[in-house]
Structures are given as structure tokens and as C-alpha cells.
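S.K.: Attaching a single structure in C-alpha cells format; questions to follow.
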Amino acid sequence: MKLTSTRLNANQHCDEVSFSQAILSPIGAHGGLYAPQNLPHLDEDFFNEARQIINEKGAYKKLALRVIKAFDFDLDLEIFERALRRYDSFDDGEPTHLNEINGYYFNELWHGPTRAFKDMALAPFGALLEELASSQKYLIIVATSGDTGPATLEAFGGSKNVSVVCMYPSGGTSQTQKLQMLSYSRFSNSLVLGIRGNFDDAQRTLKALLGNDDFKNVLKAKGFKLSAANSVNFGRILFQIIYHLYASIKIASQNPVNIVVPSGNFGDALGAYYAKKMGANIAKIGIASNENNVLTDFINTGIYDISKRTLKQTISPAMDILISSNIERVLFDLFGALRTKELMDALNEHKKYALSKDELKSLQEIFYANYCNDDECAGFIREFAKMGALIDPHTATALKIAKKGDIIASTAQWVKFTPSMINAIKNAPCVNEKEQMNALSSEFNVKLPAQISALFENNSWQEKTCHTDEIQTLISEWLK
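The sequence shown runs 1 to 480 under full-length UniProt numbering.
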């Protein structure tokens, strides 16, 4: 299977590349993203076999291989099999856990090393890229709102042929997320930069660098090629399709089930969309936003407008995003490359675009949306704490629109957001994050991940901050 650019090139055609090419060079013509022209359809035999093995040990990896095989990519299946072994280092070798609480099904996607759903994709993606980079050095640049950064740094920590530059908004992540990223400064192949700006500034810089031929020539002279680990890379999205398929098979029987996704950059929701299109028994996909509710407005009105918006800092910082990159892949799938380019050009030029009535109807047949402010989010955290459950602020936003029986993508473990948890549950400020994290852990009888506790034992990491226009020079000086 080939992947196609979501935007037309200068010859009014869509560039086509192999899966491995898309991993190594993820941005297409005119800034487009690579996406499947036609998704494989999983037939009834596939789902019958999946239902038979779904409760067996190792079922997740077996299902993943069958899904990947259906794509018929240009890489041997054995390479994917080795990549999926990265899941063996998760809590108990099973990457996801479905946990029913008060009638909701929480698809816990945070049992990996950095305690967020990004490990689900970046752990195997990192192994894939390592194999493809065995004879060539690569520089991976990642822009993060808090979770992609640690997961990428973890995936490539200490790599010989892959170096990582991680950009995060200084002051725009949780303290634990920042410490996670700074801790990887111990590896010589990792450069961690706190930018003076927000996530959208970081993502804009990432896309500019990926399309900058002069920068690529500088890297080439140093022996490097350039790629990215954000969800602009389809290699990430592939692995996000799988966990939505898995959950829908595990839960859904005769009746389709809704999947509710806390969303910022829309990669997680895109995985659910692709899973539905491939045949998963998914009814609709709920999109939960925080107060940066551009996605909610878009799905409800068909108007994507950031012209007068300013980014708000919330207690769900990984969702503090206004430019949701992966919406572009949905637009391409629904309306084609020509229309997608028109809409993206309008966004770049006017900071807004609008769907037609028929286009909005098509979108709303699949998605519904609402947003959750910080007070409501804290209320949901408090409500579930009374039931003995700790849910993080991102997962909590989904409860604004979820109904009993829905699957909720639980995107991070609460330990990364202790101050917000203390404020919500105790109605008090967090004065000592380490001590109060330990106290919550004891009160709710949950084990703290050793790697999170260790972050507070080392105070030697220094934050390096910069403006976005300094990043290219800093990278060039850092690379050997």
C-alpha cells in the first residue's frame, strides 16, 4: 500500500510514497501529510478470529500484527513483530487495560514508561525507525505539549543513529512532564529546548524546519537526514488505530459503541476514525476539548477559526492546542486533496476556514463534540475520587460528553498532574509535589511508577530556553 499526500502538488497530483518513505520523510507537497488513499477493510472473518483470541495472553500483539498485515506495507512483517516487542517493557507486557468504572469503560493507554498514551505509538515507532536508520543517521525533531516529548525521548534514548531535538512550551507543561523531558538530557543524542511560546509555536517551527531545504542541507553536511515523531508522521497513527480496534472488539458485541477521546492535535481521534472506517464496531467518536475548544466549535459549526483566539493555559496542558494537525487527514479522507488544500490554504492565509452544509453533515455523521472548563474537569476528578478512582485531568474532560457504556480513551496517568489532582480532590494548593503525590498514592492504594518518583530525586537538570527563531542555529551547533 502507498500513502498519498493530503494536498495537491504543483502538477495538481498527489505525491505517493511507501510507508517507509513516509516514516523517514513525513511531510508531503505544500505542507501536506501522508495518509492512506484507501484504508483496508477488515472482514467478518477477521473480527470472528479476533473475538476468539481477544482474552488470551498476548492478544494485543497478535491483533496488531493482523491489522498491520492488512495494510500490505513495504516492510517485512518480522520488522513490525520486533517493534511490537517494545510493549514487553510496559507494566505487565499487556500495553492497554480496559477498566470499567461506574458504567464507563476506560481504555487505559498509559501503562508504558512515560505514563501517557503516546508510548502506545512511539515505543514501536521508535523501533521501526531504528531499523530503517541502521545505515543512516537521522535527526528527529518533536514539538510537544507535554506527552509526546517524553515518549519520543524514551523511544530513542541512547540511540547511536537517531538524535532527538525536543521542543516544549516553557511554562506550558506540568512540572512532572518538564522533569521527564529534562531527565533525558543525560543522553548525548538528546537536546531538550523550552521555547518562549506555546505549543502551536513549537509545531509551526517543526513544520517549517521539515520543509526548509537550507536546513536539510546543513544537516546533510553533518551526515544527518531529517524526520519527525509528532503525529504528522503516519508511522505514529498506524499504532493508534490498533488500540481503538482492540477496545471496540473487547467491549462491543452486537451494538456499536461510542469512543470518546480527549483531543488536542487529533491524532488519537484520527486513529479511532480510521478504526471505524476499517470495520470496527464503533458508532460515533466523541471529541472532548478543554477551554481551547476550537475542535468543539469546528465539529458543531463547520467553522475552524483561530483568527481571534488566544491559547489558554488549563489543567489539561497536553490539550492546550489551537492548530490540530490531524484534522487535515480527516478532511482529505472525506473531501479529497483539492478541497483539503483549499481549506488549509485558507487557514494559513486567513486563520479560518468553513465547511459547506453538506460537508458539515458528513463530518457530524461520524463525530460529536463538547468542551470542559477547568472547574468542570476538577469536579469530575473529585467525583471519581469519591469512588476510589484517580483519573487525570485530560481523561476527565471526556466525562463531559461520555455516556454509560462508552469507551473513554484514558490518555495519561494522574501522577503527571499531582498539583491539579490535589486542588481538585482536596480543594487545596499543592505545596510539595513529591510528598503529596506519595500521600495520594497511599490514600488510594495505588503504586507509584518508580520512574516518576525518581524524577524528584535529582535536581541537577537545567532548563534551556530559547526563542523559536534561535532553534535552527542551536541545533546546528549541537550536532556533531
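All C-beta atoms in this analysis are idealised placements derived from N, C-alpha and C, irrespective of residue type, glycine included.
Being a predicted model, the structure only gives us computed values, none of them experimental.
1) From the DSSP output, in three-state form, read off N370 for me.
2) Could you tell me the boundaries of the beta strand (DSSP E) in which P429 lies?
3) Could you work out which residue in R7, K2, H467 is closest to L338 when comparing CA atoms only?
4) Let me know the secondary structure DSSP gives M120 once reduced to three states.
5) Just mark K361 as buried or exposed, buried being the case when its beta carbon has 16 or more other beta carbons within 10 Å.
6) Enumerated in chain order, which unbroken segments of the beta strand (DSSP E) with a length of 3 residues or greater are wholly contained in the segment 61-130?
7) Which residue marks the beginning of the beta strand (DSSP E) containing A409, and which one marks its end?
8) How long is the line joining the alpha carbons of T152 and R85, rounded to whole angstroms?
9) Hey, how far is the Cα of L65 from the Cα of Q21?
10) Would DSSP call K403 helix, strand or coil?
11) Rounded to whole angstroms, how far is the Cβ of Y371 from the Cβ of S307, which I believe are closer than 8 Å?
12) Classify C14 as helix, strand or coil using the three-state DSSP reduction.
13) Spatial neighbours of I101 within its chain, please: CB distance less than 6 Å, with the 5 preceding and 5 following residues excluded, ordered by chain position.
14) Check this for me: beta carbons of K284 and F367, under 8 Å apart or not?
15) In the DSSP assignment, what are the bridge partners of C166?
16) Report, in whole angstroms, the separation of the C-beta atoms of H30 and N9, which I expect to be a contact under 8 Å.
17) Using a threshold of 8 Å, state whether the C-beta atoms of V260 and A385 are closer than that.
18) Assuming S349 and T340 make a contact with CB atoms under 8 Å, what is their CB distance in whole Å?
19) For the candidate residues F417, D406, C166, whose alpha-carbon lies nearest to that of I391?
M.R.: Result, derived from the coordinates:
1) N370: strand per DSSP, three-state reduction.
2) Looking at the DSSP string, P429 is not in any beta strand (DSSP E), and its letter there is neither H nor E.
3) The residue with the shortest Cα to Cα distance from L338 is R7.
4) Helix, per DSSP.
5) Label assigned to K361: exposed.
6) Runs of the beta strand (DSSP E) inside the segment 61-130: 97-101, 104-108.
7) 407-410 is the span of the beta strand (DSSP E), which, as asked, contains A409.
8) Our two residues, T152 and R85, have alpha carbons roughly 17 Å apart in a direct line.
9) Straight-line spacing of the CA atoms in L65 and Q21 works out to 20 Å.
10) Of the three classes helix, strand and coil, the one that applies to K403 here is coil, per DSSP.
11) Between the beta-carbon of Y371 and that of S307 there is about 19 Å, and that puts the pair past the 8 Å contact cut.
12) If DSSP states are grouped into helix, strand and coil, C14 belongs with coil.
13) If we look at I101 and ignore the five residues flanking it on each side, its Cβ neighbours are A389.
14) Their beta carbons are under 8 Å apart, which means K284 touches F367 by this criterion.
15) According to DSSP, C166 bridges with V142, V192.
16) The beta carbons of H30 and N9 sit about 7 Å from each other, so the pair counts as a contact at 8 Å.
17) V260 places its beta carbon 8 Å or farther from that of A385.
18) The identity of residue 349 in the sequence shown is Glu, whereas the question assumes Ser. Going by Cβ atoms, the distance from E349 to T340 rounds to 15 Å, so no, they are not a contact pair.
19) Comparing Cα positions, the closest option is F417.
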